[in-house]
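Enquirer: Before we start, here is the structure in question, set down as structure tokens.
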Amino acid sequence: MKAAAFDYIRASSADEAVQALAAHEDAKILAGGQSLVPLLNMRLARPSALVDINRIHDLAYIRRSNGHLAIGALTRHRTAETSALVRQDAPLLETALRHVGHVTIRNRGTIGGSAAHADPAAELPATLLALDAQLVARGPGRERVIPAAEFFRGYLQTALEPDEMVTEIRIPVLPAGTQCAVAELTRRSGDFALVAIFTALILEPGGQCRDARIAVAGAGEVPVRATAAEAILAGSTLDGDAIAEAAMAVARAVDPPSDIHAPAEYRREMASVLTRRAIGSALSTQQVSDGHSDGGAR
Amino acid sequence: MSGKITVTMTVNGRKFSDDCEPRKTLADFLRKDLGFTGVHLGCEHGVCGACTIMIDGSTARSCCMLAVQADGAEITTVEGLAADGTLSPLQEAFWNHHGLQCGFCTPGMLAAAAELLAQNPDPTPEEVREGIAGNLCRCTGYQFIVDSILDAARQLRG
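As given, the protein sequences belong to chains S and F, one line each in that order. Read left to right, the first sequence gives residues 91 to 388 (the numbering used here). Read left to right, the second sequence gives residues 37 to 194 (the numbering used here).
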């Protein structure tokens, strides 16, 4: 279990990092290393060079800017999970991060790294998709903004060019009264999801659903946004019929794999079940937070 | 550079410096180069938690870090938990409650438990189980480990 040899470059700025990516064929960014280092150890990945960005401290931040929450790519999961700003402006992200591995992993893992790794069963890509996030990609002498819906291209594949890295993630601030929940099915605590549902329900003061977001992890090559199910919920009173119909629409929206862990039919059925659970859980936290007026959305 | 790089780090309060290849994990560096054999290697890909250490105040899996990344870091391994041969209250509780059987998972369990108790001094049994969920005990001695951590929490709260 030893990695193959590679060149090691410790970058001191994002520009230096992308220059190094451009200069080495098949170089990889080393951020938290919680996905990459296991792949190196098992020699499933054999990059020619690793560009370590852990010393680029100005890539680690969480701040409010122009109606969105800007999170630096090097921000650790644990930092985002315990951030008051994230809890206030993107409560779905806070809830989702609690499902990522274990605290020890979240101490090291980074927001940008999880996005760029693009595991379709992981929590972060689906969450970014649900929240209409944007990813800022830097290349040598250029920068572009990629919507999450266009970023995830396939299993562990993104829209990033070989000489680009994610520097920031922008999440539109959710309106007050947004209720969020995650419902996840795993074989073992902290493991990747067989299926997971990420939902944010934006409610009118009367309780009617103004807008709904539903994304699914573990449902195919990329995380899936269940737009048909969202359309069913939007404008509804979130009664049992609407929720049941939306849950069926989620099952129709996914094309999950069959593998040693679970057959496709089971995952599809669970996508439906978990959708009902997630919506129920989002609505029940609303009652709790109404009762105690603490605004908590977990 | 794929040649050797000089790495300097403080382990259990003592400063060490050595040359190593960039591909060497922090776990191998601590264990083989510096001789901290309390760093146990189980799966070597971030699943079992046996190699968990403290680095700059937070737990990390030393198999999922490169030694070169820890240049300049402050590290605590299981060898650094007992001051002058006196077990810490957490270690004492593991001893009293038979929290270790074969002992292989113990260094990682102690690191995870120490971080849990620092952040949550009065955890419920459920929270303790969640706190050590990333650490596998193949003797399956979890119940005694949970008992140990709950007792250590009581002792530490006074």
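Where a beta carbon is used, it is the ideal one built from N, C-alpha and C, also for glycine.
1) Are residue 206 of chain S and residue 222 of chain S touching if we call contact CB-CB under 9 Å?
2) Suppose you measure from the CA of residue 236 of chain S to the CA of residue 303 of chain S; what does that come to, to the nearest Å?
3) Is the CB-CB distance between residue 150 of chain F and residue 184 of chain F below 9 Å?
4) Using Cβ-Cβ distances below 9 Å, what residues of the stretch 184 to 213 of chain S are close to chain F?
5) To the nearest angstrom, report how far apart residue 385 of chain S and residue 58 of chain F are at their CA atoms.
6) List the endpoints of the continuous alpha helix (DSSP H) containing residue 205 of chain S.
7) Would you please state the rounded distance, in angstroms, between the beta carbons of residue 282 of chain S and residue 211 of chain S? I believe it to be under 8 Å.
8) How big is the Cα-Cα spacing for residue 360 of chain S and residue 374 of chain S?
9) Would you mind telling me which residues of chain F sit closer than 9 Å to residue 132 of chain S, beta carbon to beta carbon, in chain order?
10) Residue range of the beta strand (DSSP E) that residue 98 of chain S falls in?
11) Short of 8 Å in beta carbon distance, which residues of its chain neighbour residue 118 of chain S, apart from the five on each side in sequence? Order them along the chain.
12) Per DSSP, what kind of secondary structure is residue 382 of chain S in: helix, strand or coil?
13) Measuring CB to CB, does residue 148 of chain F end up less than 9 Å from residue 171 of chain F?
14) Report the option in S/104, S/186, S/318 and S/190 whose CA atom is closest to the CA atom of residue 254 of chain S.
15) Closer than 7 Å by beta-carbon distance: list the chain F residues that pair up with residue 142 of chain S, in chain order.
16) If I'm right that residue 123 of chain S touches residue 166 of chain S with Cβ under 8 Å, what's the distance once you round it to whole angstroms?
17) Can you list, in chain order, the stretches of the beta strand (DSSP E) that have 3 or more residues and sit fully within the stretch 94 to 173 of chain F?
18) Please report how far the alpha carbon of residue 115 of chain F lies from the alpha carbon of residue 350 of chain S, in whole angstroms.
19) Distance cutoff 9 Å, beta carbons only. Does residue 148 of chain S sit that close to anything in chain F?
20) Could you give the distance in angstroms between the alpha-carbon of residue 81 of chain F and the alpha-carbon of residue 95 of chain F?
21) What separation, rounded to the nearest whole angstrom, lies between the Cα atoms of residue 229 of chain S and residue 257 of chain S?
22) At a cut of 8 Å, does the stretch 321 to 332 of chain S reach the stretch 39 to 57 of chain F through at least three beta carbon pairs?
23) Let me know if residue 134 of chain F comes out buried or exposed under the rule of 16 or more other beta-carbons within 10 Å of its beta-carbon.
24) Taking only beta-carbon positions, decide if residue 96 of chain S is within less than 9 Å of chain F.
25) Are any of the Cβ atoms in chain S nearer than 9 Å to that of residue 67 of chain F?
26) Quickly, what does DSSP pair residue 229 of chain S with across the bridge? List them, please.
27) Tell me, please, whether the stretch 271 to 279 of chain S touches the stretch 341 to 350 of chain S by the rule of three or more beta-carbon pairs shorter than 8 Å.
28) Below 8 Å CB to CB, which residues in the same chain sit around residue 100 of chain F once its five sequence neighbours on both sides are set aside?
29) Could you give the distance in angstroms between the alpha-carbon of residue 117 of chain F and the alpha-carbon of residue 146 of chain S?
30) Of the residues that make up the stretch 104 to 129 of chain S, which ones have a beta carbon closer than 9 Å to any beta carbon in chain F?
31) Quick one, which of F/167, F/104, F/77 and F/71 has its alpha-carbon nearest residue 98 of chain S's?
32) How far does the alpha helix (DSSP H) with residue 158 of chain S in it reach, from first residue to last?
33) From residue 190 of chain S to residue 295 of chain S, what does the alpha carbon distance come to, in whole angstroms?
34) Here's the rule I'm using: 16 or more other beta-carbon atoms within 10 Å means buried, otherwise exposed. How should residue 233 of chain S be labelled?
35) Of the residues that make up the stretch 276 to 292 of chain S, which ones have a beta carbon closer than 7 Å to any beta carbon in chain F?
36) Cβ of residue 87 of chain F within 9 Å of Cβ of residue 161 of chain F?
Expert: Considering the structure as presented:
1) no
2) 19 Å
3) no
4) 191, 192, 193, 194, 195, 197 and 198
5) Residue confidence for residue 385 of chain S is low, a pLDDT of 34 falling below 50, so the modelled location carries little weight; the figure read from the coordinates is stated next. When rounded, the distance between both Cα atoms is 47 Å.
6) 201 to 207
7) 4 Å
8) 20 Å
9) 80 and 81
10) 97 to 100
11) 126, 135, 137, 139, 140 and 141
12) Because the pLDDT of residue 382 of chain S is 37, which lies under 50, any placement of that residue in the model is unreliable, and the number read from its coordinates should be weighed accordingly. The answer is helix: DSSP assigns residue 382 of chain S an H, G or I state.
13) yes
14) S/104
15) 105
16) Not quite, the Cβ-Cβ distance comes to about 12 Å (not below 8 Å), so this is no contact.
17) 94 to 97 and 110 to 112
18) 40 Å
19) no
20) 16 Å
21) 10 Å
22) no
23) exposed
24) yes
25) no
26) S/232
27) no
28) 61, 81 and 82
29) 31 Å
30) 120, 122, 123, 124, 125, 126, 127, 128 and 129
31) F/104
32) Per DSSP, residue 158 of chain S belongs to no alpha helix (DSSP H); it is in the beta strand (DSSP E), 158 to 162.
33) 32 Å
34) exposed
35) 279 and 280
36) no
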